[in-house]
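Read in this note's numbering, the sequence shown has 154 at position 107, and its numbers run on one by one without any break.
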Amino acid sequence: GAALYISNSLVDSNHFNIVNSTFYGNRALKNGVIYNDSFDNRALSVKNTILFNNSVLNNKVISNRSLDFPSTNQILLNSIVQDYSGTTNGNINASGLTATDIFKSIDRASANYLKLADNGPAVNTGNNSAYLAAYPSKDIEGNTRVIATTIDLGAFENQCNVSAPTASAQSFCGASTVANLVASGTNLKWYAAATGGSALSNTAALSSGTYYVSQTNGTCESSRTSVVVTVNNVSAPTASAQSFCGASTVA
Numbered sequence: 048g049a050a051l052y053i054s055n056s057l058v059d060s061n062h063f064n065i066v067n068s069t070f071y072g073n074r075a076l077k078n079g080v081i082y083n084d085s086f087d088n089r090a091l092s093v094k095n096t097i098l099f100n101n102s103v104l105n106n107k108v109i110s111n112r113s114l115d116f117p118s119t120n121q122i123l124l125n126s127i128v129q130d131y132s133g134t135t136n137g138n139i140n141a142s143g144l145t146a147t148d149i150f151k152s153i154d155r156a157s158a159n160y161l162k163l164a165d166n167g168p169a170v171n172t173g174n175n176s177a178y179l180a181a182y183p184s185k186d187i188e189g190n191t192r193v194i195a196t197t198i199d200l201g202a203f204e205n206q207c208n209v210s211a212p213t214a215s216a217q218s219f220c221g222a223s224t225v226a227n228l229v230a231s232g233t234n235l236k237w238y239a240a241a242t243g244g245s246a247l248s249n250t251a252a253l254s255s256g257t258y259y260v261s262q263t264n265g266t267c268e269s270s271r272t273s274v275v276v277t278v279n280n281v282s283a284p285t286a287s288a289q290s291f292c293g294a295s296t297v298a
C-alpha cells in the first residue's frame, strides 16, 4: 500500500482501526493506498476518515489479500472515499465531490492545507462513538476535537460553529435585486445554490425560485438557509388616444 500496509504483526488484537485520518495525494502501483495483508483477513475498520485524490493502478483505494472492501469483516463507517457512492453506515456519497468541496485548500504551501471547508460534507458528519475516550482530545493541529455536537471526518476538526440565519419566504412586485432580500443574521451572504458557488452581488436581479443565505463571523461561515422567493412581474396595460362627445367619466 502507498500510505498504509497492514501485516499480521500489526493486527495482534484481531482488529485494526483507522479513525479520523486523512489520506490524500498517495500513489500506489498495486494493492491499494491502504492494504490489509493479514493472512486471515483480520477485521479492518475505517471510521470518520477521508480518502481522496489517491490513485492506484488496480483502482482499489482500500484492498485486502482476498476480500474487496467493504465486506463482512472490513468495515467502512462515516467516511468519504473518492468515487465510493455507498451511504450505509453513515458514509458520505462521494460521487461528484471535488477536493475543494471537502477541503479549504489542497495547496501544500497553504496554512489551510487539508483543513475542512466550512459546512463541507466532512463537517459534523462523523460518528462520536467511533472516537474512543482513550483517543486524544485534540485534533492533529492541537485544536478541540469536537466543536459542535458531532465529530468531523479526517485529521482536522473544523473550528467554526456559526448557526445558520433565519429567513422566511418573500414576494416582490416588479424588478428586485438581492439587496431587497431579508434574513436575520450578521454579514449575510446570498447564494443561488445550497452548496458551492460564489456569493451573489447585491445588485443581482431576482427571479422566482429558491435562494440560500448564510451568515459569517470572522472567517467562519454558517450553513445556508433556503428561502423561497416569488417575483411577480406585472406588465403595463396597452391603450391608445381616445375622444368623447359630451360628458364622460372614467368608467
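Ideal Cβ positions, reconstructed from N, Cα and C, are used throughout, including at glycine. Just so it is clear, the structure is predicted and the values come from calculations on it, not from any experiment.
For the structure I just gave you, are there three or more beta carbon pairs, one from the region 132–148 and one from the region 163–179, closer than 8 Å?
Yes: at least three Cβ pairs fall under 8 Å.
Arginine 112 to alanine 90 span [Cα, whole Å]
Residue confidence is low: arginine 112 scores 43 on pLDDT, short of 50, so the model does not pin down where it sits. No coordinate-derived value is stated.
Name the DSSP beta bridge partners of glycine 256, please?
Beta-bridge pairing links glycine 256 to Val276.
For glycine 71, the nearest candidate out of Ser218, Ser210, Phe99 and Lys185 (CA to CA):
According to the sequence provided, residue 71 is tyrosine. The question's glycine does not apply to it. Ranking the options by Cα distance to tyrosine 71, first place goes to Phe99.
Beta-carbon proximity list for proline 117, same chain, < 7 Å, skipping 5 on both sides:
Any reading at proline 117 must be qualified, since the residue scores a pLDDT of 48, below 50, and its modelled position is unreliable; the value itself is stated next. Excluding positions up to five away in sequence, the list reads Leu123.
Distance, Cα to Cα, isoleucine 149 vs glutamine 217?
For isoleucine 149 and glutamine 217, the distance between alpha carbons rounds to 32 Å.
Just how far apart, CA to CA, sit threonine 266 and tyrosine 160?
In this structure, the straight-line span from the alpha carbon of threonine 266 to that of tyrosine 160 is close to 16 Å.
To the nearest angstrom, how far is the alpha carbon of glutamine 289 from that of valine 297?
Glutamine 289 and valine 297: Cα-Cα distance of roughly 12 Å.
In the structure shown, what three-state DSSP assignment does alanine 146 receive?
Alanine 146: helix per DSSP, three-state reduction.
If I'm right that valine 278 touches phenylalanine 219 with Cβ under 8 Å, what's the distance once you round it to whole angstroms?
With a Cβ gap of about 5 Å, valine 278 and phenylalanine 219 count as contacting.
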